[in-house]
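>
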Amino acid sequence: MDIRIGNGYDVHALAPGLPLWLGGVQVESPVGCIAHSDGDVAIHALCDALLGALALGDIGKHFPDTSDEFAGIDSKILLSRVMELIEREGWHVVNVDITIAMQRPKLAPYIVPMRECLAEIMEISPARVSVKATTTEKLGFVGRGEGCEVYAVALLGREEDCFN
Ligand code: MG
């Protein structure tokens with residue numbers, strides 16, 4: 001099997017009174033991400049990892065934040081579109097691993113729902129979707145609660161005799 005690895009990284013600033021979407025799930029929080037889309041920084045990093053694995057550019061190239069088409073868009077739709085690009089080339093997701101850095105709120109209750117939601121969109125088992133959350137021990141912009149930062153890694157696979 002031919003395999004490819006990609007990594008993704010995204011940051012959004014946080015502001016009071018906005019909805020907080022992470023990994024396709026709405027998180028109860030006094031702050032949410034400032035964004036052109038719904039601000040799901042975890043899905044954005046994941047999309048960049050998936051696109052990166054195939055050297056297909058990044059989420060900004062495919063879904064420009066200057067386009068009205070993507071204003072307020074549900075990031076789950078963006079992930080579905082990225083999956084279409086991947087599958088068109090004959091690739092499938094082997095596994096993904098996502099780390100969300102946020103000082104508060106506590107994300108532990110949302111980890112399983114995020115894994116299940118992302119797995120459903122990518123049409124793989126939740127066992128192949130890792131989501132981890134960490135604080136930064138009150139250090140830096142994440143620690144001060146000014147932003148949310150996400151790192152993602154994706155591994156893709158394709159049968160070797162598939163050259164489309
Ligand atoms: Mg983003």
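Numbering (the numbering used here), first residue to last: 1 to 164.
Ideal Cβ positions, reconstructed from N, Cα and C, are used throughout, including at glycine.
Keep in mind that this is a model prediction, so the values were computed, not measured.
Could you pull the start and end residues of the alpha helix (DSSP H) that leucine 85 belongs to?
Unbroken alpha helix (DSSP H) run through leucine 85: 75 to 88.
> Does the beta-carbon distance from histidine 44 to serine 75 come in below 9 Å?
In contact: histidine 44 and serine 75 (Cβ atoms closer than 9 Å).
> Is the Cβ-Cβ distance between leucine 79 and methionine 122 less than 9 Å?
Result yes, Cβ atoms of leucine 79 and methionine 122 sit closer than 9 Å.
> By a C-beta neighbour count over all protein chains shown, 10 Å radius and 16 as the cutoff for buried, is leucine 118 buried or exposed?
Its Cβ being crowded by 16 or more others within 10 Å, leucine 118 is buried.
> Does the distance from the C-beta atom of histidine 149 to that of aspartate 10 stay below 9 Å?
The amino acid at residue 149 is misidentified as histidine; the sequence shows glutamate. Result yes, Cβ atoms of glutamate 149 and aspartate 10 sit closer than 9 Å.
> What three-state label does DSSP hand proline 16 in the structure shown?
DSSP places proline 16 in strand when its eight states are reduced to three.
> Could you give the residue range of the beta strand (DSSP E) that holds threonine 158?
It is arginine, not threonine, that sits at residue 158 in the sequence shown. Residues 147 to 158.
> From leucine 50 to proline 30, what does the alpha carbon distance come to, in whole angstroms?
Cα to Cα, the separation comes out at about 30 Å.
> Flag valine 41 as yes when its Cβ comes closer than 8 Å to any non-hydrogen atom of ligand 1, and as no otherwise.
True, at least one ligand heavy atom lies under 8 Å from that Cβ.
> So if DSSP puts serine 130 in a beta bridge, which residue, or which two residues, is it bridged to?
Asp97, per the DSSP bridge assignment.
> State the start and end residues of the unbroken beta strand (DSSP E) segment that holds proline 32.
Note on identity: in this sequence residue 32 is glycine, with proline being the wrong assignment. 31 to 33 is the span of the beta strand (DSSP E), which, as asked, contains glycine 32.
> Taking the alpha-carbon positions, what's the alanine 71 to tryptophan 21 distance?
Cα-Cα distance, rounded: 15 Å.
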